[in-house]
Structure formats: structure tokens, C-alpha cells
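Worksheet for the structure shown next.
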Amino acid sequence: MSRIENSDKYYWHRYLDAYLPAFRRLGDVSLVVEFGVLHGDSVAWLAECFPRASVVGVDILPTQPEWPVSPRIVYRQADQGDRRAIGALLDALPGRPDLIVEDGSHAPRHQVNCLVEGFARLRPGGLYVLEDIGTSHPSHPTRAGEPPAPTALHVLLALQHRREAGLGLDDAVARGLAHPDFLSPAEIASLFKSIGQVELFQRTKLPLRCYSCGGNEFDYVGWRCRCGADLLAPADSMSCLIWKMAD
Ligand SMILES: C[S@@+](CC[C@H](N)C(=O)[O-])C[C@H]1O[C@@H](n2cnc3c(N)ncnc32)[C@H](O)[C@@H]1O
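Under the working numbering, residues 6 to 252 are what the sequence shown spells out, in order.
Written out as C-alpha cells, the structure reads:
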């Protein structure tokens with residue numbers, strides 16, 4: 006059994022349906038960064054998917070004894086809330102990452118920090134995966150009571166629309182999407198210039214097993230696990246694949 010089967014990417018979110026074809030499109034990959042290590046299952050899987058690549062696992066925790074050990078895997082400690090530290094960490098890498106997977110705290114401000122700092126350093130034609138972007142959706146339970154604000158999800162969908170409808174990004178639109186807690190107009194304009202394509206994935210199947218109790222006996226009419234977990238919540242299991250324009 007591959008270690009990815011222990012990751013919620015596989016059994017709950019079912020992100021591999023979107024990731025595996027995207028990984029094939031990436032071509033040669035020599036450097037992969039993942040924010041969020043947990044038990045190390047996805048870092049080990051990324052090293053398997055890209056056998057010639059170095060993989061950098063970034064977490065707020067120091068290296069844990071259970072994390073996979075390999076000459077191709079290194080760990081760095083950083084807090085996604087500290088935007089400067091994230092930029093410095095990325096600047097200290099041996100090159101530009103081909104792939105960045107952000108699966109850390111899922112806090113909407115942290116998602117923005119890593120997106121802005123990471124996307125700027127991604128190689129042309131590279132892929133940035135912003136996982137669990139459902140936490141930036143206004144109907145996500147963690148945003149209840151929060152005033153409406155343009156998070157990374159709003160900005161990415163707006164940029165996708167402007168690009169695909171053949172509309173440019175004028176200053177008024179960039180200012181309308183800016184927010185002091187999230188992105189500035191200049192950051193939005195810079196993303197628009199360098200984004201080639203935005204693909205938003207959302208799971209439209211049931212999970213293989215429950216994230217909460219681990220079981221797979223489901224109420225197929227109420228779309229709940231027998232333990233009560235909601236299997237198809239409106240803002241669950243969303244991941245955004247953001248391609249950088251090739252040079
Ligand atoms: C969802 S888990 C990662 C799961 C893993 N990628 C996988 O697929 O198996 C989230 C990880 O983010 C880390 N984390 C939480 N807050 C963080 C922060 N502010 N900065 C960096 N990492 C953080 C946690 O320590 C945890 O290991």
C-alpha cells in the first residue's frame with residue numbers, strides 16, 4: 006500500500022483524480038515543495054511521483070521522528086503566518102520549484118501568504134496547488150460570522166473569469182478585489198500577469214472513507230457517515246490548480 010492511502014488527499018478529498026493528470030502535464034520536475042507535512046505521507050508520495058526530484062516539506066513543527074527519511078527529502082520549519090519567513094525559505098531553495106502544494110493550516114490569510122510568495126518563485130510553466138481552498142469559501146463553517154471579504158478563492162475565480170472571457174484586469178477591478186487582510190491591487194495585477202490557467206477542483210463523489218471515524222458505512226440518502234460526518238458539504242474538498250504562464 007502506498008503511503009498516500011493514509012492521506013486525506015486520497016481517501017477523503019479524492020484530489021488524485023485532478024492531480025495525477027496535472028502532474029503528467031508538468032514534464033521534468035526537479036524541485037517540489039509541500040507546505041504541511043503531518044505524518045509525512047504526502048511528502049513520501051510526491052517523492053514517488055517525481056523520482057528525479059528533491060522534495061521540501063515545510064511545517065510549523067520541527068522534523069518529527071515519523072517523517073520519511075530519504076536523500077531526496079528535506080524539511081524546513083516555518084509558520085505560514087510569517088510571510089517574510091516564507092519568502093526567505095523559498096529564496097534559500099536550490100532553484101525555482103516546479104510544483105508547490107499548499108496543504109498547511111488552511112487559514113485563508115496563510116493561503117494568501119503562501120500563494121503570493123510561492124507563485125512569484127515558481128518556474129514558468131509550473132503548477133501551484135492550493136489545497137482545501139474551501140476554507141476561503143463564504144459558506145465554509147469556519148467563515149461563519151466573518152464579514153464578506155475577497156479571499157484567495159474570490160480572487161482566483163475572478164482572474165480565471167477575466168482571462169477566459171477575454172477581459173483584461175483594469176485598476177478598478179483589481180482595487181475591488183483587494184483587501185488589507187488578503188491581496189493588494191499590485192499583488193492581484195502581478196498574479197493576473199503570470200497566471201496561465203486556474204482550475205478549481207471539487208470532489209463530486211463520496212469519499213472512500215470517513216475523515217472523522219475512518220468508517221465507510223454511509224447513509225446514502227442523507228449523505229452522512231454513520232458517525233454523523235457530512236460527506237458532501239458545499240465547501241468541502243476543493244483544491245485550486247494554478248498554472249504559471251510558460252515564458
Ligand atoms: C492537513 S495537514 C498536512 C497533511 C499532509 N500534507 C498529507 O496530505 O498527509 C496540515 C499540516 O500543516 C501544519 N501547519 C499547521 N499550521 C501551520 C502553519 N501556520 N505554518 C506551517 N504549517 C502549519 C500542521 O503541523 C500539519 O502538519
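Just so you know, even glycine gets a beta-carbon here, dropped at the ideal spot from N, CA and C.
Keep in mind it's a predicted model, so treat the numbers as computed, not measured.
Under the DSSP definition of a beta bridge, TRP248 partners with LEU132, GLN202.
If you look at TYR15, you'll find it in the alpha helix (DSSP H) that goes 13-16. Here the alpha carbons of LEU182 and ILE247 stand approximately 18 Å from one another. In the DSSP annotation of this structure, the continuous segment of the beta strand (DSSP E) that includes LEU36 starts and ends at 36-40.
Within the chosen limit of 6 Å, ligand 1 does not reach the beta carbon of ASP186 with any heavy atom. Counting every other CB atom within 10 Å of its CB across the protein chains shown gives GLU192 a total of 16 or more, marking it as buried. Taking the CA atoms as reference points, LEU161 sits about 16 Å from ALA177. In the three-state reduction of the DSSP assignment, SER47 falls in the helix class. Counting along the chain, ILE65 sits inside no alpha helix (DSSP H), nor does DSSP assign it H or E at all.
Between ligand 1 and GLY123, a heavy atom-to-CB distance of less than 6 Å is absent. Beta-bridge partners assigned by DSSP to LEU104: VAL37, LEU132. Restricting attention to VAL74, PRO212, LEU66, the CA atom closest to the CA of GLN85 is found in LEU66. Counting every other CB atom within 10 Å of its CB across the protein chains shown gives GLY123 a total of 16 or more, marking it as buried.
For ILE65, the distance from the CB to the nearest heavy atom of ligand 1 is below 6 Å. Per DSSP, ILE9 lies in no beta strand (DSSP E) segment and is marked neither H nor E. For SER12, the CB falls within less than 6 Å of some heavy atom of ligand 1.
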